[in-house]
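Protein sequences appear in the order of chains A and B.
If you're matching positions, the first sequence starts at 217 in the numbering used here and goes up one per residue.
If you're matching positions, the second sequence starts at -17 in the numbering used here and goes up one per residue.
Each residue gets a CB set at the ideal place from its N, CA and C atoms; glycine is no exception.
Please read these numbers as outputs of a predicted model, since none were measured by experiment.
A short worksheet on the structure shown next.
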Amino acid sequence: MSTSVRNRQEARSRVATRVTAHVPGHVDSVDGLDDLAHVEHGVDVLDGLHQPDKGHPHHRNQHPLKRVWLFLISMRTGLWIILLLGLLTLAGTLLIQATPEARADEQAYAQWLAGTPSERYGGWVGILDRLGLFHVYSTWYFQGLFVVLSMSILACSINRAPKLWRVATHPRTSMREVFFTHAPLRATIDLPGDVDSAAQQVRDALRGKHFRVLDGTAKTGADVYGDRFRWGPFGTVVAHLSIIVIMLGFVVSATTGFKDTDFIAPVGVDVPVGHNTGLTAKALSFTDTYYENGQPKDYVSDLVLTKDGRQVARQEVRVNTPLIYEGVWFHQAFFGIGVDVKVSENGKELFREMVPLKWQSNDGQQSIGQFEIPEKGISVYVIQAASGQVLKELPAGTAQFEVHKDGVENPLGWPVIDQGDSIDVDGLTYTFERNRPYTGLTIKQDKGSWIVWVGSALLIIGSYLVFFLPHRRIWARVRSNGDGTSRVMIGAPLKRDPAFEPVFKNIVSSIKTSDS
Amino acid sequence: MLTYSQFAFVAALITSVLATIAYFWAMSAGHRALKQQAPQRQRVRVGDASDDLLDDDLADIAVPDAPEAPRYSSMSAATLARFATRLTWLAIAFLTVCLGLRMAVTGNGPFVSQYEFATSMAWGILVSYAYFEWKYRARTLALFVMPLTVIALAYAGTQPTQVDPLVPALQNSLLLTLHIIVAIFAYGAFAVSFAAAALDLWTPQKWRHLIPKPEVLDRLGYRAVVIGFPLDTMVLVLGAIWAEIAWGTYWSWDPKETASLVTWLIYGGYLHARVARGWTGKRASWLLVLGFASVVLTFVGNAFFGGLHSYS
Ligand code: HEM
Chain A
217 MSTSVRNRQE
227 ARSRVATRVT
237 AHVPGHVDSV
247 DGLDDLAHVE
257 HGVDVLDGLH
267 QPDKGHPHHR
277 NQHPLKRVWL
287 FLISMRTGLW
297 IILLLGLLTL
307 AGTLLIQATP
317 EARADEQAYA
327 QWLAGTPSER
337 YGGWVGILDR
347 LGLFHVYSTW
357 YFQGLFVVLS
367 MSILACSINR
377 APKLWRVATH
387 PRTSMREVFF
397 THAPLRATID
407 LPGDVDSAAQ
417 QVRDALRGKH
427 FRVLDGTAKT
437 GADVYGDRFR
447 WGPFGTVVAH
457 LSIIVIMLGF
467 VVSATTGFKD
477 TDFIAPVGVD
487 VPVGHNTGLT
497 AKALSFTDTY
507 YENGQPKDYV
517 SDLVLTKDGR
527 QVARQEVRVN
537 TPLIYEGVWF
547 HQAFFGIGVD
557 VKVSENGKEL
567 FREMVPLKWQ
577 SNDGQQSIGQ
587 FEIPEKGISV
597 YVIQAASGQV
607 LKELPAGTAQ
617 FEVHKDGVEN
627 PLGWPVIDQG
637 DSIDVDGLTY
647 TFERNRPYTG
657 LTIKQDKGSW
667 IVWVGSALLI
677 IGSYLVFFLP
687 HRRIWARVRS
697 NGDGTSRVMI
707 GAPLKRDPAF
717 EPVFKNIVSS
727 IKTSDS
Chain B
-17 MLTYSQFAFV
-7 AALITSVLAT
3 IAYFWAMSAG
13 HRALKQQAPQ
23 RQRVRVGDAS
33 DDLLDDDLAD
43 IAVPDAPEAP
53 RYSSMSAATL
63 ARFATRLTWL
73 AIAFLTVCLG
83 LRMAVTGNGP
93 FVSQYEFATS
103 MAWGILVSYA
113 YFEWKYRART
123 LALFVMPLTV
133 IALAYAGTQP
143 TQVDPLVPAL
153 QNSLLLTLHI
163 IVAIFAYGAF
173 AVSFAAAALD
183 LWTPQKWRHL
193 IPKPEVLDRL
203 GYRAVVIGFP
213 LDTMVLVLGA
223 IWAEIAWGTY
233 WSWDPKETAS
243 LVTWLIYGGY
253 LHARVARGWT
263 GKRASWLLVL
273 GFASVVLTFV
283 GNAFFGGLHS
293 YS
């Protein structure tokens, strides 16, 4: 692109003819299509962007279906949907959102609301809650907007694609004279030869710039049309449909497959994966390493998968390297220490499992786990000193068992047991067998993600097509001057594509200089 | 090496401040020069009105309407503006050295701490601006771009600069590096579009004749978004891929994710506003300002929101 003043003056003197890029009184020539429509009335093929004026009385009398259609294809609709989505998403970003656990049941939710939200938003909590603003992304109106968005996008694409197709494959090849006197980019050149040779010069110049050249249908003289990147505008169609593809992927992800964010694999113990996978997972080891300053460095689970008793996969699973087997992903998510517990009654085993110490006491001094023996109405908290904490009443190598029974207010007992020892509480024998590390995995099967990736690729490709391969079109009108010379008028729209202007000038000057 | 990196940082900060001063000085020199030549020449414009993007060089201000008219002498706006440009390049060079050395020390991209990320942002803003200045000679954009850069650098300067090792989730160098590098360019482009919009909205009447016409600013803003928007799309997609690999969910409505989505939607809205009639000009400019506010929110939001990104 010629950028300096001097270049421009040079260009202007090289092309002795008038090359201008200005439509008087029409500042917004960003959209060449509209400019042309403005210049050449009834250029319907070019007038792809023409928006029906909804306020127009003519449209108010439309059939309701037609009105829905007009609503859906309106740019204004599209714009408002996008901005509204932005606004709601912003609300969801700024206001704290309830976790799925908090929304699991009404009681949990009420408790959650009374916590941080009430502290932070005071009297506004009620209103915000009624508006659903603590779970914006699952409200009916947020999801409804996505539905309207897809419908609108679909309608826009259906509406536009045929027009783009016509412009690409059957472009209008002749323009009336008024176009050439008003086009955003225009030039007039007198050439010495007759019409045929002048037209040929135009064609050569266009082809020289890799333009496709089509001949128009002039009765006297010749019309020439040239264009380049005629498939670029389909980028909008691709970009728009890709949004629908992405949303489809979200829906597929949400409605199929599974996600288990709380899968605990005690080291050395087989754990069925469930979800009809027929898989069993076993962590052979879990290692956490740290930098000198105490920051975590690496979390690694050596994971083995078996199916029907046969080992089918083994991998070191790290935070950024999940194990993937038959579409099921195993992610390193968390880890901890558990206590192997055995409970028996008169020598008969009632319970034997690792109890993960998933929680911390509020003061951070104790790690706490819990298990239940439903048939006995028993619920037990297992407590140890948190790692790095030294507690007098709970020394390393011991665990406290706080035994509760349904319908009894106070605990039945809270003995502290040494590793390997047993203790009786209310007729049951509790054994602290040993400590055992566990690794926590997120296991998921997502059947929609590849759709999302395809959609994303289309979205990126589509927007690059639109922005960087803009359809460039030039019309030329060659007429005899009657004295053996010909007059060539050239015009082009400037479709939000400033880089076209120097190309245009270039073509004009190569027409001009090829006459020698 | 880290010490030299720090030196380069300070040098970049000082150079940016100087460049900012030089740009403003050039502006006011141009203003005075024009006043002297008034009343014949109000706004000096070379060529056709819609030579637009080519037509807003501060240096051009010193070039009078008619080629034969005399240039004014003394410390001209053109000289100052050229000087400011050199300073900008110098600032880019210093920042490149600063970030390069730091990368050599840490062995990963410069985006782990707020300090690194803010410095990278400043680098991205400067590079985007330099591209626009080179391509469209739109020097007046500097009046907003340079202060932004200085703010970003000053903010970086208040952040701890020690090198922390990478926590496990960040140890996906390829994806993370791409994600952030693309983000830096996208946000840089958005900063330029912000400058164009800000010039359009907030230039006092008195200075109006010095800046490009609203249509030109409008197109500059648009060009910047055209570069930034597809990049921003890639930022979202790369982030989603990374989330899928690290956490098993490509999209979890995590605050930082949603903040980036807001940004993306605003610029998407802007593009449509541009295509729809009646939404160019001031309203489009406001959308650009809003979009950039959202970029800033996404960036500083880290500190406030928590969520999956909070360790970064
Ligand atoms: C989030 C959803 C959407 C995305 C990502 C998107 C993307 C795009 C992009 C990248 C462009 C090109 C803009 C330009 O050339 O400056 C565009 C143009 C356009 N969009 Fe959308 N769009 C979306 C939603 C919609 C909706 C809902 C409608 C319909 C109401 C719509 C109608 C249009 C139209 C008519 C154009 C101009 C097409 C042309 O110039 O050929 N878009 N869109």
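8 Å contact criterion, which residue i and residue j should meet: CB distance rounded
{"i": "residue 628 of chain A", "j": "residue 640 of chain A", "result": "Residue 628 of chain A to residue 640 of chain A, Cβ: 11 Å. No contact."}
{"i": "residue 307 of chain A", "j": "residue 349 of chain A", "result": "6 Å"}
{"i": "residue 659 of chain A", "j": "residue 476 of chain A", "result": "5 Å"}
C-alpha gap between residue i and residue j, whole angstroms
{"i": "residue 734 of chain A", "j": "residue 689 of chain A", "result": "As displayed, chain A neither begins before 217 nor continues past 732, which places residue 734 of chain A out of reach and without an answer."}
{"i": "residue 255 of chain B", "j": "residue 463 of chain A", "result": "23 Å"}
{"i": "residue 79 of chain B", "j": "residue -10 of chain B", "result": "6 Å"}
{"i": "residue 282 of chain A", "j": "residue 288 of chain A", "result": "10 Å"}
{"i": "residue 101 of chain B", "j": "residue 170 of chain B", "result": "12 Å"}
{"i": "residue 36 of chain B", "j": "residue 380 of chain A", "result": "Interpretation of residue 36 of chain B is limited by its pLDDT of 32, a score under 50 that renders its predicted location unreliable; the figure taken from the coordinates is listed afterwards. Taking the straight line joining both Cα atoms gives about 31 Å."}
{"i": "residue 453 of chain A", "j": "residue 168 of chain B", "result": "23 Å"}
{"i": "residue 724 of chain A", "j": "residue 393 of chain A", "result": "18 Å"}
{"i": "residue 330 of chain A", "j": "residue 470 of chain A", "result": "30 Å"}
{"i": "residue 620 of chain A", "j": "residue 557 of chain A", "result": "16 Å"}
{"i": "residue 132 of chain B", "j": "residue 96 of chain B", "result": "15 Å"}
{"i": "residue 533 of chain A", "j": "residue 478 of chain A", "result": "16 Å"}
{"i": "residue 15 of chain B", "j": "residue 9 of chain B", "result": "10 Å"}
{"i": "residue 668 of chain A", "j": "residue 543 of chain A", "result": "15 Å"}
{"i": "residue 278 of chain B", "j": "residue 242 of chain B", "result": "10 Å"}
Per-residue DSSP class, three states only, for residue i
{"i": "residue 96 of chain B", "result": "helix"}
{"i": "residue 476 of chain A", "result": "strand"}
{"i": "residue 722 of chain A", "result": "helix"}
{"i": "residue 448 of chain A", "result": "coil"}
{"i": "residue 139 of chain B", "result": "helix"}
{"i": "residue 114 of chain B", "result": "helix"}
{"i": "residue 416 of chain A", "result": "helix"}
{"i": "residue 556 of chain A", "result": "strand"}
{"i": "residue 149 of chain B", "result": "coil"}
{"i": "residue 640 of chain A", "result": "strand"}
{"i": "residue 705 of chain A", "result": "strand"}
{"i": "residue 458 of chain A", "result": "helix"}
{"i": "residue 398 of chain A", "result": "helix"}
{"i": "residue 375 of chain A", "result": "helix"}
Proximity below 8 Å, CB of residue i to CB of residue j
{"i": "residue 165 of chain B", "j": "residue 217 of chain B", "result": "yes"}
{"i": "residue 220 of chain B", "j": "residue 248 of chain B", "result": "no"}
{"i": "residue 615 of chain A", "j": "residue 599 of chain A", "result": "yes"}
{"i": "residue 4 of chain B", "j": "residue 69 of chain B", "result": "yes"}
{"i": "residue 444 of chain A", "j": "residue 423 of chain A", "result": "no"}
{"i": "residue 301 of chain A", "j": "residue 352 of chain A", "result": "no"}
Residue i Cβ short of 7 Å to ligand 1 heavy atom set
{"i": "residue 250 of chain B", "result": "yes"}
{"i": "residue 80 of chain B", "result": "no"}
{"i": "residue 667 of chain A", "result": "no"}
{"i": "residue 449 of chain A", "result": "yes"}
{"i": "residue 704 of chain A", "result": "no"}
{"i": "residue 294 of chain A", "result": "yes"}
{"i": "residue 383 of chain A", "result": "no"}
{"i": "residue 162 of chain B", "result": "no"}
{"i": "residue 291 of chain A", "result": "yes"}
{"i": "residue 299 of chain A", "result": "no"}
{"i": "residue 456 of chain A", "result": "yes"}
{"i": "residue 243 of chain B", "result": "no"}
{"i": "residue 679 of chain A", "result": "yes"}
{"i": "residue 413 of chain A", "result": "no"}
{"i": "residue 256 of chain B", "result": "yes"}
{"i": "residue 682 of chain A", "result": "yes"}
{"i": "residue 460 of chain A", "result": "no"}
{"i": "residue 365 of chain A", "result": "yes"}
{"i": "residue 265 of chain B", "result": "no"}
{"i": "residue 262 of chain B", "result": "no"}
Cβ-heavy atom distance, residue i to ligand 3, below 7 Å
{"i": "residue 712 of chain A", "result": "By its list of ligands, the structure shown excludes ligand 3, since it contains just ligand 1."}
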